[in-house]
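S.K.: First, the structure itself, so that you have it in front of you.
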Amino acid sequence: MDRGRWAPPEERRRMSSGPGDVLQLIRRSEASTRGEVQQLTGLSRMTVAQRIDALMDAGLIVEHAGAGEATGGRRPDRLAFHVERSVLAVAAVDTERSRTALTDLSGRVLATDTVEVAITDGPTTLLDALTASMRGLIDRAAHGRDVVGSGVSVPGPVDPRTRRPSQPPIMPGWDGFPIAEHLAQSLPVPTFVENDADAMAFGEQSTNFPDDPAVCLVKVSTGIGAGLVINGSVYHGIDGGAGDIGHIRLADEDAICQCGSRGCLAAVASGRAVAMQLTGSGVPAASGHDIGRLLRDGNIDALRLTHRAGMRIGEVMATVISMINPGTLIVSGDLASAALLGGLRETLYPHSLPRATRNLDIRLGELGADAGLIGMARIVTDSLYSADAINHQLA
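Just add 192 to wherever you are in the sequence shown, counting from 1, and you've got our numbering.
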């Protein structure tokens with residue numbers, strides 16, 4: 193997103209006000225009538241009419257007669273982004289299975305499917321299964337609407353320049369693989385690739401906390417990762433390494449991690465680590481998915497070990513919270529539970545700066561398994577319908 197999302201009205205008048213900029217005001221519900229567009233941009237009534245006509249001719253917005261809020265006299269027509277004109281095909285890749293979805297341009301999920309292919313089967317096998325699933329969803333739920341974009345989230349770091357996986361510890365054979373290019377061979381539309389925790393964070397933030405300028409999400413499944421949304425945009429870092437907390441080393445631990453190092457947070461507190469601990473105590477488990485099932489069943493050992501994992505995660509997140517000072521910390525993933533949340537709170541608060549936690553809201557994610565799909569869809573929409581993209585398209 194561009195900085196206009198957070199600019200005050202007086203600054204907006206000094207910013208570009210092409211049709212793409214007007215579309216952003218409408219998409220964000222900052223302007224829903226022609227008068228509001230004129231007030232926020234400082235454009236003349238004639239210029240606003242030209243911008244609106246261009247957007248309507250392109251099928252990007254619709255105008256509902258007499259549906260706006262009246263301030264005296266006749267109710268004005270209401271402008272809205274035409275979210276149902278096209279659809280998106282998105283996927284959330286995980287270690288054991290993946291989910292695909294067809295959404296409208298607002299991120300509303302229209303249909304979903306599950307792909308039972310493990311990430312260790314390799315990128316070609318899994319991505320081909322994803323495209324087959326996506327095509328099935330298109331045939332079932334697109335109802336003749338064009339697919340204008342696709343997006344895939346993966347459980348590993350993504351280089352922000354190449355949009356390819358970058359040395360992902362739990363994705364053997366995926367390093368540098370051209371995911372977007374491979375998918376485009378079967379589904380020739382613009383394709384975007386994102387880290388899974390980042391996509392989930394964006395889904396939760398844009399749905400439930402749109403006015404929170406700093407939101408952090410920690411995903412605890414087979415691996416551990418965090419996503420940051422700052423001022424409405426995912427923060428990737430210079431090389432896509434922001435939020436890769438699973439490989440922060442703990443001083444008092446020596447467990448071997450999948451990355452080849454020792455004492456990483458993921459080696460002692462991830463779903464994989466908890467599964468190994470449970471198996472060692474006589475309760476068979478192989479992944480974060482298995483732990484989630486045991487937690488739902490109320491298994492005492494799973495609850496105890498998950499609480500302990502939450503304590504270790506809280507120690508690391510205390511530093512993140514003290515540095516970022518977010519308003520909301522969301523806990524998501526297979527292990528997201530009262531047990532994990534309780535353990536995390538137990539260590540995060542005493543290890544954090546009081547100022548950083550004074551207004552911190554720590555909670556479980558509300559979107560569940562759809563968080564990554566919704567976030568991915570909105571990332572695709574924001575890219576395809578950015579102010580610059582639309583200004584260029586309608587120039």
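Glycine included, every Cβ here is placed at the ideal spot set by N, Cα and C.
I need the DSSP call for N517, collapsed to helix, strand or coil.
M.R.: coil
S.K.: Taking the beta carbon of M238 as the centre, do at least 16 other beta carbons fall within 10 Å, making it buried, or is it exposed?
M.R.: exposed
S.K.: Using the beta-carbon count (16 or more within 10 Å), is D526 buried or exposed?
M.R.: buried
S.K.: Using 8 Å as the Cβ pair cut-off and three pairs as the minimum, do the segment 400-411 and the segment 370-384 touch?
M.R.: no
S.K.: Determine contact between the segment 428-435 and the segment 374-393, defined as no fewer than three beta-carbon pairs at a distance below 8 Å.
M.R.: yes
S.K.: Run through the segment 537-575 for me and flag every whole beta strand (DSSP E) of 3 or more residues, listed as ranges in chain order.
M.R.: 553-556
S.K.: Tell whether a beta-carbon distance below 7 Å holds between S325 and D305.
M.R.: Closer than 7 Å, so yes.
S.K.: Between S278 and R219, what straight-line distance do the alpha-carbon atoms span, to the nearest angstrom?
M.R.: 15 Å
S.K.: Do L495 and V282 have their beta-carbon atoms positioned less than 7 Å apart in this structure?
M.R.: no
S.K.: What residues in its chain sit with their C-beta under 7 Å from that of S378, if we drop five residues either side in the sequence?
M.R.: Around S378: T323.
S.K.: Would you call the segment 509-524 in contact with the segment 475-483, where contact means no fewer than 3 C-beta pairs closer than 8 Å?
M.R.: no
S.K.: What's the gap between the Cα of D553 and the Cα of G336?
M.R.: Our two residues, D553 and G336, have alpha carbons roughly 43 Å apart in a direct line.
S.K.: Quick one: Cα of A528 to Cα of N517, how far?
M.R.: 22 Å
S.K.: Relative to the alpha-carbon of R488, which residue among G502, A530, A501 has its alpha-carbon at the smallest distance?
M.R.: Among G502, A530, A501, the Cα nearest to that of R488 belongs to A530.
S.K.: From what residue to what residue does the alpha helix (DSSP H) around G480 run?
M.R.: 480-488
S.K.: Could you check the C-alpha separation between Y577 and Q242 for me, to the nearest Å?
M.R.: 19 Å
S.K.: If we call anything under 7 Å between Cβ atoms a contact, is L294 one with L271?
M.R.: no
S.K.: Using 10 angstroms around the beta-carbon of L545, count the other beta-carbons present and answer buried if the total reaches 16, otherwise exposed.
M.R.: The residue in question, L545, is exposed, as its Cβ has fewer than 16 Cβ neighbours within 10 Å.
S.K.: For S278, write down the residues that DSSP places opposite it in a beta bridge.
M.R.: D338
S.K.: Assign L556 to one of two classes, buried (16 or more other C-beta atoms within 10 Å of its C-beta) or exposed (fewer than that).
M.R.: exposed
S.K.: Can you tell me the Cα-Cα spacing of M193 and S575, whole angstroms?
M.R.: Low confidence applies here, because M193 scores a pLDDT of 37, under 50, leaving its location unreliable; read the following figure in that light. Straight-line Cα distance between these residues: approximately 8 Å.
S.K.: According to the neighbour-count rule (16 or more other Cβ atoms, all chains shown, within 10 Å of its Cβ), is R550 buried or exposed?
M.R.: exposed
S.K.: Let me confirm a value: T383 is counted as buried when at least 16 other C-beta atoms fall within 10 Å, else exposed. Which label applies?
M.R.: Classified as buried, T383 has 16 or more neighbouring CB atoms from the shown chains inside 10 Å of its CB.
S.K.: Output needed for P211: all residues of its chain with C-beta closer than 7 Å, excluding positions within five of it in sequence on either side, in chain order.
M.R.: R243, A246, L247, I582, N583, L586
S.K.: With H, G and I counted as helix, E and B as strand and the rest as coil, what does DSSP make of T471?
M.R.: helix
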